[in-house]
Every structure is written in C-alpha cells, then in structure tokens.
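Enquirer: The structure's right below; bear with me while I get my questions together.
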Amino acid sequence: MLPKKYNFAESEEKWGKFWIKEKIFSFNPKTKKEIFSIDTPPPTVSGKMHIGHAFMYSQMDFVARFKRMMGYELFYPFGTDDNGLATIRLVEKDKKVRGTEMKRKDFVKIVLDTLKEIRPTYIRDWKRIGISCDWDIYYTTINDHCQKLSQKSFLDLYKEGRVHRKRTPFMWCPECQTSIAQVELKDEERESKFVYMKFDTSIGKQITIATTRPELLPACVMIYVHPDDKRYKKFIGAKAKIPFSNRQVEIMTDKGADPEFGSGVVYHCTFGDMDDVEWMEKYDIPPIEILDKDGRLNKKAGKFKGLKVSEARKVVIEALEEENRIEKTEKINHVVNTHERCGTDIEILMTEQWFIKYLDLKDKFLRAGEEMNWYPSYMKSRYDNWIKGLKWDWNISRQRSFGVPIPIWFCEKCNEIILAEEKDLPVDPTTEKPHHACKCGSRKFIGDPDVLDTWATSSLTPQIAASLFPDIYDKLYPMNLRPQAHDIITFWLFNTAVKSQMHNNVNPWSDVMISGWALDPKGKKMSKSKGNVVEPQKVIGFHGADAMRFWAAGSKLGEDLPYQEKDLVTGKKMVTKLWNASRFVTMNLEGYKPKRPNKFTEIDKWLLTKINDIVKVSTEHFDRYEYSKTRAETEKFFWKVFCDYYLEIIKDRIYNQKNYEKWEIESVKYTLYYTLLSVLKLSAPIMPYITEDIYQHYFKKFEKHKSIHISEWPKYDTSLSDKKAEKAGDTATDIIASIRKFKSDSALSMAEPLRYVTIDSADVKLVLKDIEKTMKIKKVKIGKAKEIETENFKVKLDVMK
RNA sequence: GGGCCGGUAGUCUAGGGGUUAUGACGUCGCCCUUACAAGGCGAAGGUCGCCAGUUCAAAUCUGGCUCGGCCCACCA
238 MLPKKYNFAE SEEKWGKFWI KEKIFSFNPK TKKEIFSIDT PPPTVSGKMH IGHAFMYSQM
298 DFVARFKRMM GYELFYPFGT DDNGLATIRL VEKDKKVRGT EMKRKDFVKI VLDTLKEIRP
358 TYIRDWKRIG ISCDWDIYYT TINDHCQKLS QKSFLDLYKE GRVHRKRTPF MWCPECQTSI
418 AQVELKDEER ESKFVYMKFD TSIGKQITIA TTRPELLPAC VMIYVHPDDK RYKKFIGAKA
478 KIPFSNRQVE IMTDKGADPE FGSGVVYHCT FGDMDDVEWM EKYDIPPIEI LDKDGRLNKK
538 AGKFKGLKVS EARKVVIEAL EEENRIEKTE KINHVVNTHE RCGTDIEILM TEQWFIKYLD
598 LKDKFLRAGE EMNWYPSYMK SRYDNWIKGL KWDWNISRQR SFGVPIPIWF CEKCNEIILA
658 EEKDLPVDPT TEKPHHACKC GSRKFIGDPD VLDTWATSSL TPQIAASLFP DIYDKLYPMN
718 LRPQAHDIIT FWLFNTAVKS QMHNNVNPWS DVMISGWALD PKGKKMSKSK GNVVEPQKVI
778 GFHGADAMRF WAAGSKLGED LPYQEKDLVT GKKMVTKLWN ASRFVTMNLE GYKPKRPNKF
838 TEIDKWLLTK INDIVKVSTE HFDRYEYSKT RAETEKFFWK VFCDYYLEII KDRIYNQKNY
898 EKWEIESVKY TLYYTLLSVL KLSAPIMPYI TEDIYQHYFK KFEKHKSIHI SEWPKYDTSL
958 SDKKAEKAGD TATDIIASIR KFKSDSALSM AEPLRYVTID SADVKLVLKD IEKTMKIKKV
1018 KIGKAKEIET ENFKVKLDVM K
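Mapping the first sequence onto this note's numbering, position 623 (from 1) lands on 860, and the numbers just tick up by one.
In structure tokens, the structure reads:
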C-alpha cells in the first residue's frame, strides 16, 4: 500500500543511494548483451552545476535509461575535464597557490588531490538529477591515463608527419599570453575610430590611408591600391614615407584594396589581422614585429615603445595630429576577433607553435560527417559549415603553466627534436630527461615548456573511456552515441572526429545527439553577468529532480527551452498525479496476483488498445532520440485517458464487485496492472525516482527485476489491440464528456443521479453499463430523443453526433 | 554578407497538405464524486509573423519579405 503522500526529497535520496549500493547501473565488461556506449561529456569542474547542464545531461540520460530498458548493456562513463583554465582558477583559489609559481608536476598533483577532495561534492549534483552513469568508470582529463593517451596521440601524429612545429604569425591572446586556435575566436562588435592618415610620398603628393589600427604604423611594410583605381594611378611604384621613422615603403597594386572603402588605400602592417599574413606570404615580405607577447609595443616601434596597443592608438593619433597628418576621423562599427575566454582583442604575433596539419583532410572530415547519424539532422550543417570555413591548421600548443605537457625535448646544441618514448608516458619534459644523447652527441636538452590545447585531450574521450577496459576495447570503441549541446559542435564534436579519423580512420561514434540550451524565462541566454542564471540545486530542492527532468523532456531535441518555473510546477503535478493514480490502482489490487485473463470487457479492450498504441509510438520516438514525444504521448494518455476516463469508468466495477461476473473483475484488475506498469515504464527514463518508488512499493514482488530501470521496456502487443472496442470506448468517452458538460452547465455535482439519458448511437451497446455507472444514470436508452432527465427537470441535449 | 533554426491563444509548447489546430500555465464558472482541492468537471481565449504562388484543399509545400536566436565570414 502506498502512503498517502509522496515525499520526493526522501524518495530521491533513497533511490539514488539504492541504485549505487545495488550497482544497478554498473557496467559489466563480461556481459553477453549488446553494448551501447555513450561518450558522456566530461563537465569542467568549476564549482557548481548550471541549469543548462541539468537540461542537457537529463536529455542524455533519458536515452541511456531507455537503451538500458531495451536490453543493452550500457557503457556510460563519467569523466571530468580538468585541464583547462576553470580548473586552474578553482584550485588556485581553493589551495591558495599559483600555478605559474611552481613546477608543473607539483601543480598537477595539487590539482589531482584537490579533485579527489571536491569530486564527491561536485558529482553530487549530477547524481542528484538522476544521471545513471557508472560512477566507477571515471577519468579526469589531467590524470596520468589521459595525459598518456593525449601525449601518445601527439607522438603518433608527429611520426605520421601530421604534427609539426613552425615559427609563424598566429593568433595570440595578450591577456592570457598564449596562442589560440581558430575555434577559440569570438566576434565582438566594437565602435572605433577610422583614421584617415596622410603619408608623404616620393612624387611629392600626399596619399591618404584610412585605418582603424594607426598604432601599427611602425610595422607598415607596404601600401596597396586597387589596380583600376584611377585616383591613385600616379602613385603606383612610388614610395611613401612612414611617419616618425626614416623608412619608406612601396605603393603597389593589389585587388584586395577596395576602392569603395575608406580612401581606397590600404596599408599593410605586420600584423593587423590574418589577411596581413596572407599578403606577407603572397609578396614574400619580411615582417616587422613591433608587438611583444604582453601586448606592448617594442623598440621597433620607435618612440612608441612600451605602450599597450590601446594606449599606443591614442598616442599615435595625437602625434599624427601634431604633424597635421590627420585628414579626418570617422566613427565606425566593426567586428573584431576576441579570445572567447577572456574577451581580449587578439593580436597576431610571430611565435613558435605546434600545429596539426589538417586542412588537406577537409573532404575526409566532411565525409565523416555524412556517415554520422545526426539527431536532429539539421545540426550537421553546422559541422559542414565549420569545416568549409576552416582556414588554418589546428594550433595545439598553449603557453600555459598547467595542462598536458608536450612530450618533446630540443637539443640545446643542434636544436634537434627528441620525442619521448611511449613506455615513459606521461612525461613532463621540463623535469625529466631523454634516455639517450642527441644525434649530435649532446646531452643537454630543453624540455618543451608548452602544454597541449585542452581540446587536443578532450577530443580523445572515446578512446580514453574505452581504454579503461583494454580487454574489450574493440567492443567499446567506436562508441554508439555522442550526446552534447550545439554550442560545441565546432570544438568538441569536430575535434573528436578529427582525432578518430586521423588515428583510426573511423568515426568515434555512429550517432550524435545534439541538445539545445536552457534559456532564461524571456528566452535569453543565461549568463552570470546578466544575473539571470538559474541554479538547478535550488530548483530541485523545491520541485524535485523528477520535475526538473520532466521539464527538460519538454522541448524537442536540439531546441532551446526557456526556463519557466511554472513548467517545473507542471512536472511536480505530474509526479503527484502518478502517485495518486498508482495509489488508487494498487490499493484496489490488494491480494491480486497478476494473471492475464482470456477475456476482456469492451472498455478494458479499449484501454489496452490505446496503451499499446502509445507503447508503439513511444518506442519509435525514443529510437530516434525524440524523448519529448514519448513524454507528451505518455502524459496525455495517462492523464486524459487513463485517469480522467478509465479510472472513473471502472470505479463501480471495483467498488461493487459483487454486481459483476468474476471474469469482468479479472479483466479490470489485469488491465489496471498492465496499464499502470506500462505507463510507469514509459515514464521511467524521464522520471526515474517516482517510477522506481512505485515499482518498489508494489510491482517488484511480481516482476523479477531489482529495479524498474533494468526491467524490460514495454512491448507492442498486437493481441491486445482491438479497433472495434477502441471505437466503442471512444464513443463512450464522448458521451461521458457531454453528460459531464451537462452536469457542469446545470451546476450539478458529478455524483448527481440522472433518471435517464437517451443516446442515438448504436455502437455503444457494449459499453452502456460503463456509461450508466460512471455518470450515475439509472437507465440509458437508445433512441432519437437525445434527452437527459434528472429528478427535477428534463432537457434535450445534443449529446452524440 | 553566408548558413542554420524559429515566429502557433496573455505565457510556454505540439503538430508539419485534408473534418471543430495539441497540451500545459494563467483566466472564468461549477463541483468536497470513498486516488488526488498542489484535485475534478466544464468554459472562454488563435487572422498558426507578412505577401504571393502551387493545389480541389496550406498553419503545414514553394518563393519573397519581416522579426528573433545561434554559427560563420568580413573589409584595411
């Protein structure tokens, strides 16, 4: 017997513990079942879970739980991504240390120790929302296992000639003081000054150049005009003098100069943006490097030395004004590239970096995308667009103190590159030495101080997780499913595909499932700065994890969903309704031993037909990761059909069993048992706690499974489908609805007895008694009159069509 | 500028050629009916963004426009 009230807080804690203690979600590597493997996104350990996480991880978990009930052995690990900036900040704050002031190995150790400490607290949030991972299959992207695989990936690709090091102009963040990759750029619109500068030329006339970057003037190496621009014909081939210096640069033609824009004259500085790099390569011009790594101008900038870019811009403009070299300035809105992590404008600097060469493999990556099953399918275009727009190879080195070290030494004498040996991995070349002398005989080496881009490691998550079970690696990798949100298709998804294709020539998974975002109630993106962030812990504390998950199941896969508290209330009501209906059913099945009878009443057949249809479509939807449709169908059936009609209809049979034949009682009891269990199972992936609680209270003693979550997903049973009964039942519910409306309009209680109702429909004969008893009618007549009569009055009613 | 997604009752959402357009929240009325008043029953509320076209038939398909979101490219 179910208690009167359902306490979600107690229940969720209880079953959460139960699942872990009973190892309900533990992966069995020796399984004979087919494995379904999920490349779980490892969240960044940075304190607290965000509602967006709760949203996305819930959606992933619906699928996991569904697949488990479908009979798969789930390989469902849980890792954390800890080699990025967020972790550094967290650990530095927590342990009051500075990563930059200590040896990398020592800092990694502190990080790992800290993680060990805070991990249970951190993971608690994920457990709380009911994620059904096997928590023992764990990795952190900074532990030895991951470092080793990441370094091995680097070395393998190096040996294949895919990884190379070069000194080249590349995108640099002066704030973080590291190089970055194309994917880390973020556009930001800025208002800035468009300055028209007058340069003296060798033909005696001045030429006007419009620029937003006057501070780069000392790095000007060339001036271009469009070949067809008549205004500047006479300047072609002439020299222009760079103000504040004695340098002269040539004026030449290039079609890249747009006559319509600015003055039509471009000055080429090394480097204002990546286009300048292209020009430099095109004309083989040696660069003038005026910027240092800290974003300040150096001595090559002459009198502007030591200034930051932004300061230099003002000072240069002032200096130009003093010399009367400014024709005019305009305000202009333009888009600049910034570092997505810190928002700083990026600069182009000549540095030595490691790259993975992959622009030549674009077609291969596009083909890889073709071979994946995309859910929803349109998300693939984001992947395709990204690949088509790729312009630079993947810069994988970062100038940070913390991360996976690049396993390389340089010979101090001959600069030869020495690779770490695989058996020694993971290595930190800044503290360890190679085993052998260099070819040149020298034993003096410099370990590469740089680390790998975090994505260079997290792009290996399928291999990282699978290699935790080396004996069955081939069964686990490639994986079945990559679930993730749409914002990191170009980062994580693409990079993972790249690595898998490069190393193994296969896709890392067959299916990708792309979630949307949780937005604020107005449909805006949540962010700390806007102060519109919703904390899942609070929400769950108030409404429960099942209610939160019910909300998360409310949007189509891939669609963003505004977070509205009322939707959580809806979820909570659903939980309450499930509880109450189950309480009613189970209290009336006391002493009943479920056994399928060979005969059902019409109305029972009606319900069984309906639930079987729901099972069929729900399974089809879930197979396509359309959990939201399963939720909608199940919810509608449960509330509108099962509770509003069926339970009301069968009350008389349940309460007054003596008035019925034995087979009619057997029929209703089995129908109740079967239908409720089916509804619970269909709801189990979405609301795991309430369904488990009810299952454990009642169904477990008849069903053989320890938990509803490892019981079988309902099967479509055609033998329980009866279309004729379905039609009769539908008519019955139509009639009941009409009589309810009549009672409601007449301000009568639903319990008000009616003397008679006349119905002009013949196909309700088999369900007449059900209608009578449900609506407390003494006699239902079949005829043309369409009348309803109570004790006090008689009305004509258009009940039936 | 290019790509993708979306615009459906006050709010959120489903549907995606064919009777009266789904559900929830909110609103209004009635009802303590032995599962549930955090409920039940009922009602009101919609030019399905705009304009064309295809079709016997368009919320649904096509084209254009418009607004919003995201991604990408950008102009010195």
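Note that beta-carbon positions come from the ideal geometry of N, C-alpha and C, so glycine has one too. Fair warning: this is a prediction, and the values are worked out from it, not measured in the lab.
Need the endpoints of the beta strand (DSSP E) that H463 sits in, please.
Expert: Counting along the chain, H463 falls outside any beta strand (DSSP E), and DSSP gives it neither H nor E.
Enquirer: Just the Cα atoms here: how many angstroms apart are K385 and T694?
Expert: 10 Å
Enquirer: Please classify L917: is it buried, with 16 or more other beta-carbons within 10 angstroms of its beta-carbon, or exposed?
Expert: Its Cβ being crowded by 16 or more others within 10 Å, L917 is buried.
Enquirer: Mind pulling the alpha helix (DSSP H) runs of 4 or more residues that sit fully within the region 957 to 1009?
Expert: Counting whole runs of 4 or more residues, the region 957 to 1009 contains the alpha helix (DSSP H) stretches 960 to 982.
Enquirer: In this structure, what does DSSP give as the bridge partners for T377?
Expert: T317
Enquirer: Have a look at A984 and H287 and give me their C-alpha separation to the nearest angstrom.
Expert: 49 Å
Enquirer: Under 8 Å by Cβ, that's how I've got L352 and T377 pegged, so tell me the actual separation to the nearest angstrom.
Expert: 6 Å
Enquirer: Can you find the residues in the same chain that come closer than 7 Å, C-beta to C-beta, to Y294, ignoring five residues on each side of it along the sequence?
Expert: W363, I366, I368
Enquirer: In this structure, how does DSSP classify N817 when only helix, strand and coil are distinguished?
Expert: helix
Enquirer: Helix, strand or coil: how does DSSP classify P613 here?
Expert: coil
Enquirer: If I measure Cβ to Cβ from T575 and keep anything under 8 Å in the same chain, skipping five residues before and after, which residues do I get?
Expert: L422, K423, D424, E425, T581, D582, I583
Enquirer: Under the three-state reduction of DSSP, which class applies to S618: helix, strand or coil?
Expert: In the three-state reduction of the DSSP assignment, S618 falls in the helix class.
Enquirer: Does the distance from the C-beta atom of I275 to that of F303 stay below 9 Å?
Expert: no
Enquirer: Output the boundary residues of the beta strand (DSSP E) element that contains S792.
Expert: No beta strand (DSSP E) contains S792, which DSSP labels as neither H nor E.
Enquirer: Candidates H740, K842, M824, H723: which alpha carbon is nearest G398's?
Expert: H740
Enquirer: Between the alpha carbons of M924 and F779, how many angstroms are there, rounded?
Expert: Between the alpha carbons of M924 and F779 lies a gap of roughly 16 Å.
Enquirer: N574 lies in the beta strand (DSSP E); which residues open and close that run?
Expert: 563 to 576
Enquirer: So, does the region 682 to 690 touch the region 638 to 656, judging by three or more C-beta pairs under 8 Å?
Expert: yes
Enquirer: Which residue or residues does DSSP assign as beta-bridge partners of C648?
Expert: C648 is bridged to F682.
Enquirer: May I ask you to verify whether the region 434 to 448 touches the region 555 to 564, counting CB pairs closer than 8 Å and requiring at least 3?
Expert: yes
Enquirer: Quick check on L596: buried or exposed, where buried means 16 or more other Cβ atoms within 10 Å of its Cβ?
Expert: exposed
Enquirer: Between the C-alpha atoms of D797 and D531, what's the straight-line distance to the nearest angstrom?
Expert: Near 39 Å, if we compare the C-alpha coordinates of D531 and D797.
Enquirer: Run through DSSP, which three-state label would Q443 get?
Expert: Three-state result, Q443: strand.
Enquirer: Report, in whole angstroms, the separation of the C-beta atoms of K937 and L826, which I expect to be a contact under 8 Å.
Expert: About 14 Å separates the two Cβ atoms, so there is no contact after all.
Enquirer: I'd like the list of long-range same chain contacts for G316, defined as Cβ closer than 6 Å, with 5 residues on each side in sequence excluded.
Expert: P279, Y376
Enquirer: Distance check for I440 and A475, CA to CA, integer angstroms please.
Expert: Rounded to the nearest angstrom, the two C-alpha atoms are 7 Å apart.
Enquirer: Exposed or buried, which one is N244 when buried takes at least 16 other CB atoms within 10 Å?
Expert: Exposed: under 16 other Cβ atoms inside 10 Å.
Enquirer: Quick one, which of V420, A447, V400 has its alpha-carbon nearest K565's?
Expert: Comparing Cα positions, the closest option is A447.
Enquirer: Suppose only complete runs of 4+ residues qualify. What are the alpha helix (DSSP H) ranges in the region 672 to 716, listed by chain order?
Expert: Listed in chain order, they are 691 to 695, 698 to 703, 710 to 713.
Enquirer: Count Cβ pairs between the region 868 to 887 and the region 803 to 823 that sit closer than 8 Å; are there 3 or more?
Expert: Enough Cβ pairs lie closer than 8 Å, so yes.
Enquirer: In the DSSP assignment, find the unbroken beta strand (DSSP E) run with S248 in it and report its ends.
Expert: From DSSP, S248 is part of no beta strand (DSSP E) but of the alpha helix (DSSP H) over 245 to 258.
Enquirer: I'd like the list of long-range same chain contacts for G795, defined as Cβ closer than 8 Å, with 5 residues on each side in sequence excluded.
Expert: Y612, P613, Y615, M616, H723, I751, S752, G753
Enquirer: Measuring straight from C-alpha to C-alpha, what distance separates K242 and S920?
Expert: 20 Å
Enquirer: Using the C-alpha atoms, what's the distance from Y864 back to H858?
Expert: 7 Å
Enquirer: When we look at the beta-carbon of I654 and count the other beta-carbons within 10 Å, is it buried (16 or more) or exposed?
Expert: Residue environment: I654 is assigned as exposed (fewer than 16 neighbouring CB atoms within 10 Å of its CB, all protein chains considered).
Enquirer: Does the region 834 to 846 come close enough to the region 950 to 962 that 3 or more CB-CB pairs lie under 8 Å?
Expert: yes
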